[in-house]
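K.L.:
Mapping of the sequence shown onto our numbering: residues 611 to 889, in sequence order.
Don't be surprised by glycine CBs; every beta carbon is placed ideally from N, CA and C.
Dropping a structure here in structure tokens format, bear with me for questions.
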Amino acid sequence: RELNRLPIDGEIVIGEGERDEAPMLFIGEKVGNKQGPKVHIAVDPLEGTTLCAKDMPGSIAVMAMAGAGHLLYAPDVYMDKIAIGPGYPAGIVDLDASAADNINALARAKGVKPHEINTLIMDRPRHEKLIAEVRKTGASIRLITDGDVAGVIFCTEPEKTGIDLYLGIGGAPEGVLAAAALRCVGGQMQGRLILDTEEKRQRAATMGVKDPNKKYDMAEMASGDVIVCATGVTDGGMLSGVRFGPEVIETETIVYRSITGTVRRIYGEHREFAKFNLD
611 RELNRLPIDG
621 EIVIGEGERD
631 EAPMLFIGEK
641 VGNKQGPKVH
651 IAVDPLEGTT
661 LCAKDMPGSI
671 AVMAMAGAGH
681 LLYAPDVYMD
691 KIAIGPGYPA
701 GIVDLDASAA
711 DNINALARAK
721 GVKPHEINTL
731 IMDRPRHEKL
741 IAEVRKTGAS
751 IRLITDGDVA
761 GVIFCTEPEK
771 TGIDLYLGIG
781 GAPEGVLAAA
791 ALRCVGGQMQ
801 GRLILDTEEK
811 RQRAATMGVK
821 DPNKKYDMAE
831 MASGDVIVCA
841 TGVTDGGMLS
851 GVRFGPEVIE
861 TETIVYRSIT
871 GTVRRIYGEH
881 REFAKFNLD
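Dropping the structure here:
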């Protein structure tokens, strides 16, 4: 509803699923009042569904917007990822290097010992070997149960979140959203789609993926003028969650824009409850 009020000619390219699987914000859905530029939109209206249901930290609502064709049209598959925040030389980490090599390279660039590097990895059985390798370096590990986008976005403000390096496998659509945010602040990220079945390879091909083994850099996942916004749903390391008071609903939102490198924090107090769909 709110998107349709914007002066854009928009299309959802990453959303809640295919047209027949989602009632709204489905892939291919047109949004905006058609009175502005053509834009593509990636959205996850509730990242960390389980976190939200259990009132655990880290659930957010997140959206990225860019010119048409400037967001990777990622299939709903897994993606292997590596990400760091701003302030490092280009190419300091690489998806094809070992975790130990990446941690050592990052430590040298930061001027610290490997055991002073803080990593973030999703707590999944598929990451057992990765976690063991990271532990051998002495680097610290923060494990998260959900919140793939938020996990990468943590790298945008390491001084606030304590996270230097994101490693591991998560969702490809979430990877695009995270890459958009990192690009706005000058971070670095690489990703590779995991297309381990013929059905996934065919589905990716229909979405324009020509090389199933391609290693995407950040600019290939999100390019041009990109705007990203994220609002805390539950309390987290970067954003406070929604607060429901008797007269005021409080929210905290962070907004990034790549063309200017601007980061804004918006603390909202909302009083006209009747104008919100709170059912």
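Just reading off the beta strand (DSSP E) that T841 is part of, what are its end residues?
P.N.:
The residue labelled residue 841 in the question sits at position 231 within the sequence shown. Its beta strand (DSSP E) spans residues I837 to G842.
K.L.:
Is N823 helix, strand or coil when you go by DSSP?
P.N.:
Counted from its first residue, the sequence shown places residue 823 at position 213. In this structure, N823 counts as coil in the three-state DSSP scheme.
K.L.:
When the Cβ atoms of the region 782-800 are set against those of the region 868-875, are three or more pairs found closer than 8 Å?
P.N.:
They touch, by the three-pair rule.
K.L.:
Give a yes or no on whether the minimum CB-CB distance between A829 and chain B is below 8 Å.
P.N.:
No chain B appears in this structure, which consists of one protein chain only.
K.L.:
Across the region 763-772 and the region 691-709, are there enough close Cβ pairs to call them in contact, namely three or more that are closer than 8 Å?
P.N.:
Short answer: they touch.
K.L.:
Measure the CB-CB distance between M799 and A782 and report whether it falls below 8 Å.
P.N.:
Position 189 of the sequence shown, counted from the first residue, corresponds to residue 799. Position 172 of the sequence shown, counted from the first residue, corresponds to residue 782. The answer is no: Cβ separation not under 8 Å.
K.L.:
With a Cβ-Cβ cutoff of 8 Å, do G642 and L616 count as a contact?
P.N.:
The residue you call residue 642 lines up with position 32 of the sequence shown. The residue you call residue 616 lines up with position 6 of the sequence shown. Yes, the pair counts as a contact, with Cβ atoms nearer than the cut-off.
K.L.:
Check this for me: beta carbons of G668 and D758, under 8 Å apart or not?
P.N.:
Residue mapping note: residue 668 aligns to position 58 of the sequence shown, counting from 1. Residue mapping note: residue 758 aligns to position 148 of the sequence shown, counting from 1. No. Outside cutoff.
K.L.:
State the start and end residues of the unbroken alpha helix (DSSP H) segment that holds D654.
P.N.:
If you number the sequence shown from 1, residue 654 lands on position 44. Note, D654: premise wrong, no alpha helix (DSSP H); beta strand (DSSP E) at K648 to E657.
K.L.:
Identify the residues that DSSP records as bridge partners of I624: which are they?
P.N.:
As a position in the sequence shown, residue 624 is number 14, starting the count at 1. A652, per the DSSP bridge assignment.
K.L.:
Please list the terminal residues of the continuous alpha helix (DSSP H) segment that includes T771.
P.N.:
Residue mapping note: residue 771 aligns to position 161 of the sequence shown, counting from 1. First-last of the alpha helix (DSSP H) with T771: P768 to T771.
K.L.:
Are the CB atoms of L805 and V722 within a distance shorter than 8 Å?
P.N.:
If you number the sequence shown from 1, residue 722 lands on position 112. If you number the sequence shown from 1, residue 805 lands on position 195. No, the Cβ-Cβ distance between V722 and L805 is not below 8 Å.
K.L.:
In this structure, how does DSSP classify H680 when only helix, strand and coil are distinguished?
P.N.:
If you number the sequence shown from 1, residue 680 lands on position 70. If DSSP states are grouped into helix, strand and coil, H680 belongs with coil.
K.L.:
Would you tell me roughly how many angstroms separate the C-alpha atoms of A652 and E879, rounded to the nearest one?
P.N.:
In the sequence shown, counting from the first residue as 1, residue 652 sits at position 42. In the sequence shown, counting from the first residue as 1, residue 879 sits at position 269. If you take the alpha carbons of A652 and E879, they lie about 26 Å apart.
K.L.:
So A676 and D774 are supposed to be a Cβ contact under 8 Å. How far apart are they, rounded?
P.N.:
For the purposes of this step, residue 676 is taken as the residue at position 66 of the sequence shown. For the purposes of this step, residue 774 is taken as the residue at position 164 of the sequence shown. The Cβ separation is near 27 Å, so there is no contact.
K.L.:
Please report how far the alpha carbon of E818 lies from the alpha carbon of Y683, in whole angstroms.
P.N.:
Position 208 of the sequence shown holds residue 818. Position 73 of the sequence shown holds residue 683. Note on residue identity: the sequence assigns Gly, not Glu, to residue 818. Going by the C-alpha atoms only, they are around 8 Å apart.
K.L.:
Distance, Cα to Cα, A709 vs V672?
P.N.:
Translated into the one-based positions of the sequence shown, residue 709 becomes position 99. Translated into the one-based positions of the sequence shown, residue 672 becomes position 62. Cα-Cα distance, rounded: 28 Å.
K.L.:
Just verifying my parser: in three-state terms, what is the DSSP assignment at A709?
P.N.:
On the sequence shown, position 99 is the one that residue 709 refers to. In the structure shown, A709 sits in a helix (DSSP, three-state: H, G or I).
K.L.:
Figure out for me which residue from M689, A715, K691 and D690 has the closest Cα to the Cα of A700.
P.N.:
As a position in the sequence shown, residue 700 is number 90, starting the count at 1. The shortest C-alpha separation from A700 is found at A715.
K.L.:
If contact is defined by three or more beta carbon pairs under 8 Å, each pair taking one atom from either stretch, is the region 844-864 in contact with the region 822-831?
P.N.:
Judged by Cβ distances under 8 Å, the region 822-831 makes no contact with the region 844-864, as fewer than three pairs qualify.
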